[in-house]
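In terms of my numbering, the sequence shown opens at residue 16 and continues consecutively.
Just so you know, even glycine gets a beta-carbon here, dropped at the ideal spot from N, CA and C.
Nothing here was measured: the structure is a model prediction, and the numbers come from that model.
Here is the structure we will look at.
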Amino acid sequence: AVNSKFLAVVTETSGGGSFLVVLLSEVGRIDASHPRITGHRGPVVDLKFNPFNENEIASCSDDGTVKIWHLPNDGL
16 AVNSKFLAVV TETSGGGSFL VVLLSEVGRI DASHPRITGH RGPVVDLKFN PFNENEIASC
76 SDDGTVKIWH LPNDGL
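Structure representation (structure tokens):
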């Protein structure tokens with residue numbers, strides 16, 4: 016998922032899925048220690064940014080849950 020500020024990518028597709036969010040202004044490789052967002056018990060299957068608040072993203076998982084996350088202005 017992408018908006019005018021962030022890019023979000025699912026990084027683990029099995030078990031407790033996770034995803035990472037980077038600022039579009041960041042360039043180069045993403046460091047392996049970059050923080051990941053976790054909280055689902057199953058794989059994350061979709062990500063969507065709130066079209067009215069670019070600092071909010073929703074994630075849904077095979078575990079049947081949808082979670083809403085608030086992102087700091089300067090990223091994670």
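- Look at residue 80 here: in three-state DSSP terms it is coil, with no helix or strand label.
- Apart from sequence neighbours up to five positions away, the residues of its chain that approach residue 59 with a beta-carbon distance below 6 Å are 25, 32, 34, 74, 76, ordered along the chain.
- The C-beta of residue 72 has 16 or more other C-beta atoms within 10 Å across all chains shown, which makes the residue buried.
- Within the same chain, Cβ atoms closer than 7 Å to the Cβ of residue 70 are found at 85, 86, 88, the five residues on either side in sequence being excluded.
- In the DSSP secondary-structure assignment, residue 74 is bridged to 62, 82.
- As a beta-bridge residue in DSSP terms, residue 22 pairs with 17, 37.
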